[in-house]
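Mapping of the sequence shown onto the working numbering: residues 3 to 317, in sequence order.
Step one of this worksheet: look at the structure below.
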Amino acid sequence: MTKDNSKVSVIVPIYNGEADLPDLIECLRTQTYPRDRVEYLLVDNNSSDRTGQILATAAAQTSTEKINLQVLREDKIQSSYAARNKAIRIAQGEIIAFTDADCRPQPDWLEKLVIPFANPTVGIVVGELVALPGNTILEQYAERYELMSQKFLVEHPFCSYGQTANIAIRREVFERVGLFRPYLTTGGDADICWRIQKQTDWKLEFAPQAIVRHRHRANLREFKSQWRRYGTSNRYLHELHGVSLMRELTFRESLYRVSRWLLKELPRDSAKLVIGKAKAIDLIRTPIDLIGFQARTTGQKQAKLSEEAKTIEWL
3 MTKDNSKVSV
13 IVPIYNGEAD
23 LPDLIECLRT
33 QTYPRDRVEY
43 LLVDNNSSDR
53 TGQILATAAA
63 QTSTEKINLQ
73 VLREDKIQSS
83 YAARNKAIRI
93 AQGEIIAFTD
103 ADCRPQPDWL
113 EKLVIPFANP
123 TVGIVVGELV
133 ALPGNTILEQ
143 YAERYELMSQ
153 KFLVEHPFCS
163 YGQTANIAIR
173 REVFERVGLF
183 RPYLTTGGDA
193 DICWRIQKQT
203 DWKLEFAPQA
213 IVRHRHRANL
223 REFKSQWRRY
233 GTSNRYLHEL
243 HGVSLMRELT
253 FRESLYRVSR
263 WLLKELPRDS
273 AKLVIGKAKA
283 IDLIRTPIDL
293 IGFQARTTGQ
303 KQAKLSEEAK
313 TIEWL
């Protein structure tokens, strides 16, 4: 923990989160960081389910436990980044931590996440994302291959970044570079990290012990939507920052990959499975990879960044 127990503001944007909120709120209640040094700002982004009722009840209940949980609303712009900006403007913390409604921060998450800020040159801290237990093939795939692990993002060849599911930023950094782009629909986490590192001397640190567990996509529709969003994000970041576009998956490459899988990978991995050196999910990794890559290609091709989405809000 930082020497002075810095005041922390935790921000969570929420849209139709009634299924996830009870578990999330319980995770916030059990944080080991001193209660008098943290506030939780939960932002309802124009939900149409029981999110508002659940948040109101949670705020009333946690107040009796001396937990500072505040409920905000962002109804003008349907965007998680606009919702985060709403909370940043009123946040009292020196450090602003972010997570999402479908995440489960571990009890010592905040305690571990703020430690690197003891170094005054650090402006961004990225925590680790670990899969929640899942039963479907796609959940097993995501867990097996650490699909959302932040360790890959902090080593990004263009510039390090972290997802807003588990990241913390000094408040004064926002005063220097501005807030999130409120009309951006994806890619805002990389955008804010890259703006900070390009425009200031603040450093990014990885805190692998600051763990948030995350629910992976359970069905094919959700999986393909996730990968299309990756492609969309890359197109947007290409236009905003000049990052290279991802290589598009062609029919010829798909045919080659399927042939190699059938003739080489499947027999090899089947043999490994028999002797206990592989898991069943390894046998079908290539087909799942190809479904994701194709969805990513589609997202990148179809994406179009609007002029409005380039807007940066300021404190």
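Cβ atoms here follow ideal geometry from the backbone N, Cα and C, with glycine treated the same way.
| said: Just to confirm, is the Cβ distance from residue 126 to residue 171 under 7 Å? | reply: For the purposes of this step, residue 126 is taken as residue 124 along the sequence shown, with counting starting at 1. For the purposes of this step, residue 171 is taken as residue 169 along the sequence shown, with counting starting at 1. Closer than 7 Å, so yes.
| query | So is residue 277 buried or exposed if we call it buried at 16+ other beta carbons inside 10 Å? | reply | Translated into positions along the sequence shown, residue 277 becomes position 275. By the 10 Å Cβ count, residue 277 comes out exposed.
| Do the region 182-201 and the region 221-229 meet, that is, are 3 or more Cβ pairs less than 8 Å apart? | no
| task | May I ask which residues mark the beginning and end of the beta strand (DSSP E) holding residue 324? | result | No answer is possible for residue 324: it lies beyond the span of the chain, which begins at 3 and ends at 317.
| field | Cβ neighbours of residue 247 in the same chain (closer than 8 Å, five flanking residues each side left out) | value | By one-based count along the sequence shown, residue 247 stands at place 245. Counting only Cβ-Cβ distances below 8 Å, and skipping sequence neighbours, we find 236, 237, 240, 302.
| said: Quick check on residue 289: does DSSP put it in helix, strand or coil? | reply: Working through the sequence shown from its first residue, we reach residue 289 at position 287. If DSSP states are grouped into helix, strand and coil, residue 289 belongs with the helices.
| query | CA-CA distance, residue 175 and residue 198? | reply | Indexing the sequence shown from 1 puts residue 175 at position 173. Indexing the sequence shown from 1 puts residue 198 at position 196. Near 7 Å, if we compare the C-alpha coordinates of residue 198 and residue 175.
| query | residue 23: beta carbon under 6 Å from a heavy atom of the ligand ADP? | reply | Among the components modelled here there is no ligand, and therefore nothing to report on the ligand ADP.
| task | Go ahead and label residue 309 buried or exposed: buried means 16 or more other beta carbons lie within 10 angstroms of its beta carbon, across all protein chains shown. | result | Locating residue 309 in the sequence shown gives position 307, counting from the first residue. Answer is exposed; the Cβ neighbour count stays below 16.
| query | Which one or two residues does DSSP pair with residue 71 in a beta bridge? | reply | What you label residue 71 is simply residue 69 of the sequence shown in a count that begins at 1. DSSP lists 42 as partners of residue 71.
| request: Express the C-alpha separation of residue 39 and residue 8 in angstroms, rounding to a whole number. | output: Position 6 of the sequence shown, counted from the start, is the residue given in the question as residue 8. Position 37 of the sequence shown, counted from the start, is the residue given in the question as residue 39. Their backbone Cα atoms lie some 7 Å apart in a straight line.
| Closest by CA to residue 121, which one among 207, 317, 26, 214? | By one-based count along the sequence shown, residue 121 stands at place 119. Nearest of 207, 317, 26, 214 to residue 121, Cα basis: 207.
| Alpha carbon to alpha carbon, how far is residue 194 from residue 26? | Taking the first residue of the sequence shown as 1, we reach residue 194 at position 192. Taking the first residue of the sequence shown as 1, we reach residue 26 at position 24. Residue 194 and residue 26: Cα-Cα distance of roughly 25 Å.
| Alpha carbon of residue 188 to alpha carbon of residue 11, nearest angstrom | Stepping through the sequence shown from its first residue, residue 188 is reached at position 186. Stepping through the sequence shown from its first residue, residue 11 is reached at position 9. Rounded to whole angstroms, residue 188 and residue 11 show a C-alpha spacing of 23 Å.
| query | If we count the other Cβ atoms within 10 Å of its Cβ and call it buried at 16 or more, is residue 119 buried or exposed? | reply | On the sequence shown, position 117 is the one that residue 119 refers to. Here residue 119 is buried. Its C-beta has 16 or more other C-beta atoms within 10 Å.
| message | Using 8 Å as the cut-off, can you tell me whether the region 210-221 makes contact with the region 128-137, which would need three or more C-beta pairs spanning the two stretches below that distance? | response | yes
| query | Around the Cβ of residue 143, are there at least 16 other Cβ atoms within 10 angstroms (buried) or fewer (exposed)? | reply | Taking the sequence shown and counting its residues from 1, one reaches residue 143 at position 141. The residue is buried, with at least 16 neighbouring Cβ atoms inside 10 Å.
| said: Mapping the DSSP letters down to three states, classify residue 3 as helix, strand or coil. | reply: Taking the first residue of the sequence shown as position 1, residue 3 is located at position 1. Below a pLDDT of 50, predicted positions are generally treated as unreliable, and residue 3, at 41, falls in that range; the measurement from the model is reported next regardless. Reduced to three states, the DSSP call for residue 3 is coil.
| field | DSSP three-state assignment for residue 198, whether helix, strand or coil | value | Taking the sequence shown and counting its residues from 1, the one referred to as residue 198 is at position 196. The answer is helix: DSSP assigns residue 198 an H, G or I state.
| field | Contact between the region 13-24 and the region 51-63 (3+ Cβ pairs under 8 Å) | value | Result yes; three or more Cβ-Cβ pairs closer than 8 Å.
| Spatial neighbours of residue 95 in its chain, beta-carbon cut-off 6 Å, leaving aside the 5 residues before and after | The count along the sequence shown starts at 1 and reaches residue 95 at position 93. 9, 10, 11.
| query | With distances taken between CB atoms, is the gap from residue 62 to residue 74 smaller than 7 Å? | reply | Position 60 of the sequence shown, counted from the first residue, corresponds to residue 62. Position 72 of the sequence shown, counted from the first residue, corresponds to residue 74. Cβ distance not < 7 Å, so residue 62 and residue 74 don't count as in contact.
| request: Indicate the three-state DSSP secondary structure (helix, strand or coil) for residue 79 in the structure shown. | output: Along the sequence shown, read from residue 1 onward, the residue named residue 79 stands at position 77. In the structure shown, residue 79 sits in coil (DSSP, three-state: anything other than H, G, I, E or B).
| request: For residue 403, write down the residues that DSSP places opposite it in a beta bridge. | output: No answer is possible for residue 403: the residues shown for the chain start at 3 and end at 317.
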